[in-house]
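Note sheet for the following structure.
Residue numbers (my numbering): 1 to 919.
Right, here's the structure in full:
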């Protein structure tokens, strides 16, 4: 239970209470009317992890990428200050910002999960930083530390047991949550987030945390009590290898058995006898009443909280909360549910130890009708095999059949392959916006979407609104019962599954509806009509509350738990052998589901005195036949309307085919006319390979010429047919040694090459974007000839931090003087500046202004001086500016000095009588 006061609980159950929702993240604190929707849900169970989910909507547009939102719900009554329950921090997984007609109508919707979401990370033993052997508790602690979480306890049941080897590295797609699920089962707890920490939560039936009675509920229903758990079965499910405690479990009366089954737990697998005693001690005696309620004052309750439920007659029942939904905003919803543990089974150990199989054998002699009949039948979980032999005076008939049991006969029943094969009636279509919001795949007209859930099937169907959905068809055999089973992942509203039966012509012949209400696991059984060959399931949903169905199975036989099926599932196979006085006939057939379609493979041989006939039909409706008579043989192969046939008779050989393949055939005097298509052989020095000509280091393909690793291809550039070249080096040479070369675009020469000189003739050289160079620090052009001065961008809008040049900087450039020199590039005499003089001046200034520590770095910030790996260069334009500034300052100083001297001179003149008045 969340940490709240009794006052909070009491006020939350009073008529007239006020509710406030407070969200906070990264300095944002929306509350009150700014929080339009908060919908918290959880679907928990014993001995596995439990994660809580939030769906929300708030006023305004917020970027919630990677945000962690704290959510609190406040209660006030009769003007009292709001008291808040802290639901904790939730990690935003997805969000959408919706632009309204004006800013006050902007919205942000989001979906977030508690910090158990961090465990949805693939397991990596190296990143986890552990070595084996390691104790169960230390593994639990290491995972928490890796996820950045604290743990709430210092010990757990079976926590001291040692895991001797890495159980998960060689298993694909294992996440840390998968391992936490296994630790939950090992410790007999349910791992969840509580108070911001990981908690292995145990149920204490002796210490209820709250009472739920008719005074604070709208509706309440209480189920039959869960029989006290008295058996633990650690099973390897596929092998039906059970380890059951107590050892004397068979002495427990069948009707008194209540069994927890934990299947295929990697941690306990090789040491079941080590873990089982303490685990049984932890779970033994669990018993409570399942219930469902909708009411008030439930915001403070958490998964697996123990509560006392009081019915309308005042009787008290101890129960455990397993799932719930809380909506403290508009349309207030407070719903809780208690379901029996998903791992409870009745007689599982007994049934699986017998491997759900039986065998019967009989041999019948019917003298009255002249029939001898034998039968051997064996049924297992996966199949029913029958061998029959029948002898009469007219014939001998043998038949062997194998019918699948427990395999899902309807393809894509859990949307494993998106919505392939499904049909939806238009009264329930999702809007384009809804599909774009909830679903990233191809958009179909539907009232449902595929979704991945934490279930055995992983893939599930989520219905988002009312409507009708119809599944693909599955093949059924006569005289058999079929069953449907499904697991609800969220809500318990009514939905209907209608079994639609079709005959061999795919004509609908019967409909049988089943109303399914209020069970976590729904199931029904049906026996189709005798002439039914195909079955589809129609799903009708009657309200817009989200309904998620997972682990759906439609199987031959009794309701079956979900099991993965291969891409191809054989559902029926049969071989038959019939002998009469003038004929022997054999037939083999099977029916499979291949890529979601029902496929029939059949072969038969009929032998008579004058004829032998064989026929083979396969999955793709291809057919081949051989008919052999005394004077001719007929061979025929047909698929998708394309037929090839050969007829052999003493007079002729007739071939009827769309294509003929002569394999290594040779011949003479062959006169062929018409079109010839060759996919192999040679032309000149080229090999024919399908549609390609292959030569030495050269090949010609449709729309492609390839030489070595280079290729010329046809293609499009900006929707215009174009020649595309794939090549890492490109060289053009004149076949005449030393000859010049010209490159033209249309009729314009753009490049000439003569000797070692390459000249480009361009109207304009323009870079892709601003900031590119002509030449670089080490490769410079010798001379640039211009008609106008260079145009240098100097707009004030390009510049920032504009200021006068520091006088100290101008002073240092007093010593930078022009020089006369020669260069390494020619013997001419040049005038200019020496870059090292500029560097010294800048360094002197920076040393004085910034100090020794920062002087070198500050020098690098002056663009006037550039430095390659070993040489310096100058921007003469900027150097001229600073020299001009220096000279301008000196001129101004001289002007001032001149004015001062003139003033002094005038004063002297006045003093000696030579002033203007005495002149």
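All residues carry an ideal CB built from backbone N, CA and C; glycine is no exception.
Secondary structure at residue 49: coil, using DSSP grouped into helix, strand and coil. Around residue 208, the same chain offers 306, 307, 308, 318 as residues with beta carbons nearer than 8 angstroms, after the five sequence neighbours per side are excluded. Spanning the alpha carbons of residue 118 and residue 222 requires a straight line of approximately 36 angstroms.
Counting along the chain, no beta strand (DSSP E) covers residue 844; the unbroken alpha helix (DSSP H) around it starts and ends at 835-850.
The alpha carbon of residue 617 has as its nearest neighbour, out of 608, 628, 636, 631, the alpha carbon of 636.
Ranked by how close their Cα comes to the Cα of residue 1, the residues 87, 275, 846 have 87 in first place. Annotation for residue 741: 734, 753 place their beta carbon closer than 6 angstroms to its own, counting only its chain and skipping 5 residues before and after. The residues 188, 229, 260, in chain order, have a CB closer than 6 angstroms to that of residue 283 in the same chain once the five nearest residues on each side in sequence are set aside. Counting along the chain, the unbroken beta strand (DSSP E) around residue 24 starts and ends at 18-24. Beyond the five residues adjoining it in sequence on each side, residue 715 comes within less than 6 angstroms, by CB distance, of 722, 724 in the same chain, given in chain order.
For residue 136 against residue 115, the beta-carbon gap comes to about 21 angstroms, at or over 8 angstroms, which does not count as contact.
In the assembly as shown, residue 539 is a buried residue. Its beta-carbon has 16 or more other beta-carbons within 10 Å.
If you check the CB distance, residue 23 and residue 68 do not come in under 9 angstroms. Taken in chain order, no unbroken stretch of beta strand (DSSP E) lies wholly in the segment 113-181 with a span of 3 residues or more.
Minimum Cα-Cα distance from residue 727 among the listed residues 645, 113, 717, 706 corresponds to 706. The straight-line gap separating the alpha-carbon atoms of residue 293 and residue 299 is approximately 13 angstroms. Counting C-beta pairs closer than 8 angstroms gives fewer than three between the segment 189-201 and the segment 235-252, which falls short of the contact rule. Nearest Cα to residue 120 within the set 889, 425, 181, 313: 181.
In summary, residue 52 is buried, with 16 or more beta-carbon neighbours lying within 10 Å of its beta-carbon over all protein chains present. Within the same chain, 486, 516 come within 6 angstroms of residue 522 by CB-CB distance, once the 5 residues on both sides are set aside. Taking C-beta atoms as the reference points, residue 691 and residue 702 count as a pair closer than 9 angstroms. Contact between the segment 57-68 and the segment 104-112 is present: three or more C-beta pairs spanning the two stretches fall below 8 angstroms. A residue is called buried once 16 or more other Cβ atoms fall within 10 Å of its Cβ, and residue 285, having fewer, is exposed. Approximately 6 angstroms separates the beta-carbon atoms of residue 49 and residue 184; this is inside 8 angstroms, confirming the contact.
For residue 513, there is no enclosing alpha helix (DSSP H); the residue is found in the beta strand (DSSP E) stretching over 508-516. In this structure, residue 613 sits near residue 628, with a CB-CB distance shorter than 9 angstroms.
If only complete runs of 3 or more residues are kept, the segment 256-333 shows the beta strand (DSSP E) at 259-263, 291-295, 306-310, 316-320, 323-327, in order along the chain. Excluding residues up to 5 positions away in sequence, 550, 551 lie with their Cβ nearer than 6 angstroms to the Cβ of residue 455 in the same chain. By the neighbour-count criterion, in which a residue is buried when 16 or more other Cβ atoms sit within 10 angstroms of its Cβ, residue 194 is buried. For residue 70, there is no enclosing alpha helix (DSSP H); the residue is part of the beta strand (DSSP E) that begins and ends at 68-76. Membership of residue 686 in the beta strand (DSSP E) is indicated by the continuous run 686-689. Boundaries of the alpha helix (DSSP H) around residue 12: 6-12. Pairing residue 788 with residue 694, the inter-Cα distance amounts to about 58 angstroms.
C-alpha of residue 906 to C-alpha of residue 866: approximately 52 angstroms in a straight line. With fewer than 16 other Cβ atoms inside 10 Å of its own Cβ, residue 857 counts as exposed. Assignment of beta-bridge partners to residue 714 by DSSP yields 723.
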